[in-house]
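First up is the structure itself, then whatever we jot down about it.
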Amino acid sequence: GAVVSQHPSWVICKSGTSVKIECRSLDFQATTMFWYRQFPKQSLMLMATSNEGSKATYEQGVEKDKFLINHASLTLSTLTVTSAHPEDSSFYICSASKASEIEETQYFGPGTRLLVL
Amino acid sequence: QKEVEQDPGPLSVPEGAIVSLNCTYSNSAFQYFMWYRQYSRKGPELLMYTYSSGNKEDGRFTAQVDKSSKYISLFIRDSQPSDSATYLCAMTRGSQGNLIFGKGTKLSVKP
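Protein chains in written order, with the numbering used here: chain F, 1 to 117; chain B, 1001 to 1111.
Structure representation (structure tokens):
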């Protein structure tokens, strides 16, 4: 199998607080992890790509100082939304690609729904 | 023109119908094509994965890629209410490319 988990599944927080979301590959080692954001009725938009032990590569328009990504091990990546504001409310989804497969096969986590009040 | 175009639907069919879902794309460099299924408030689940042109079949699902027309399709035979979900196409240029997603087509299969 290729199972990816995310924690928490729901976050409600006050404006100005920071929120950390964890993404774990449970039964495989992930060479690369991806973070996406999905607004209602919109497609998944890639935010950043991270490889274990190196700095994340952010997509154009994504603030790297606001969305901190740490890829500490082959099974764990975290996304921290710093000083969250209501416009950051969205569905955040991570995915991971297996070390043994080509990068195109991504396995997605269940997503984390963030609501900033 | 967006890189990947997908009709968002919604598409409603009776149980047992054949469903055809499609995407068009503009970048001829895309080589890898995927279909994901996403249930409401859940992460996408990989359904089918195709490299270059051709057909691929897996149970009730068939994926087709026509690179000359820049057109990909997903067919669902004998559709079931449990197939009700949003179906996203995705594609990438190669091992260094990121996945580009369509907006997704919302499918509803009525019993």
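Cβ coordinates follow ideal geometry from the N, Cα and C atoms, glycine included.
Near residue i, which residues of its chain fall below 7 Å by C-beta distance, leaving aside the five closest residues on each side in sequence?
i         : result
B:Ile1100 : Glu1003, Val1004, Ala1090, Met1091 and Thr1092
B:Gln1080 : Glu1015 and Val1109
B:Met1048 : Met1034, Trp1035, Lys1056, Asp1058, Phe1061, Ala1063 and Leu1074
B:Ala1085 : Arg1037, Gln1038, Tyr1039 and Leu1107
So residue i contacts chain F; which residues on that side make the cut at Cβ distance below 7 Å?
i         : result
B:Tyr1049 : Thr105
B:Asn1098 : Leu46 and Thr49
Which bits of chain B does residue i rub up against, with CB to CB less than 9 Å?
i       : result
F:Ser73 : What F:Ser73 touches in chain B: nothing, since even the nearest Cβ is about 21 Å away.
Tell me the rounded alpha-carbon separation between residue i and residue j.
i         : j         : result
B:Phe1075 : B:Thr1105 : 13 Å
B:Tyr1032 : B:Asn1055 : 13 Å
F:Thr80   : F:Ser18   : 7 Å
F:Ser97   : B:Tyr1087 : 20 Å
F:Tyr58   : F:Tyr107  : 20 Å
F:Ser43   : B:Ser1040 : 13 Å
F:Gln6    : F:Ser83   : 21 Å
B:Ala1017 : B:Leu1011 : 12 Å
F:Lys55   : B:Ala1063 : 36 Å
B:Gly1024 : B:Pro1008 : Sequence inspection shows Thr at residue 1024 of chain B; the Gly mentioned does not correspond to that position. Cα to Cα, B:Thr1024 sits roughly 13 Å from B:Pro1008.
F:Phe67   : B:Ser1020 : 38 Å
B:Gln1038 : B:Leu1046 : 9 Å
F:Leu117  : F:Pro86   : 6 Å
F:Ser90   : F:Phe39   : 5 Å
F:Val11   : F:Tyr92   : 11 Å
Quick one: what's got a C-beta closer than 6 Å to residue i's C-beta in the same chain, skipping five residues either side?
i       : result
F:Gly53 : none
F:Leu76 : Arg24
F:Ile69 : Ala48, Ser50, Ala56 and Leu79
F:Gly16 : Ser83
Report the partner residues of residue i according to the DSSP bridge assignment.
i         : result
B:Lys1110 : B:Pro1014
Along chain B, in chain order, which residues have C-beta atoms closer than 8 Å to that of residue i?
i        : result
F:Ser18  : In chain order: nothing, as chain B lies at least about 23 Å away.
F:Ile93  : Gly1043 and Pro1044
F:Gln42  : Lys1103
F:Gly111 : Arg1041, Lys1042 and Gly1043
According to DSSP, is residue i part of a helix, a strand, or is it coil?
i         : result
F:Glu87   : helix
B:Asp1066 : strand
B:Asp1083 : helix
B:Arg1077 : coil
F:Leu74   : coil
B:Glu1003 : coil
B:Tyr1039 : coil
B:Thr1050 : strand
B:Thr1024 : strand
F:Phe28   : coil
F:Lys118  : Residue 118 of chain F is absent from the structure shown; chain F starts at 1 and stops at 117.
B:Arg1060 : coil
F:Lys20   : strand
F:Phe39   : coil
Give the residues of chain F in contact with residue i, contact being defined as C-beta atoms less than 8 Å apart.
i         : result
B:Glu1045 : Phe108
Note down, in chain order, each residue of its chain lying with its Cβ closer than 8 Å to the Cβ of residue i, except the 5 sequence neighbours on either side.
i         : result
F:Ser9    : Pro110, Gly111, Thr112 and Arg113
F:Cys94   : Val4, Gln6, Ile21, Cys23, Met33, Phe34, Trp35, Tyr36, Ser77, Leu79, Phe108 and Gly109
B:Ser1028 : Lys1067 and Lys1070
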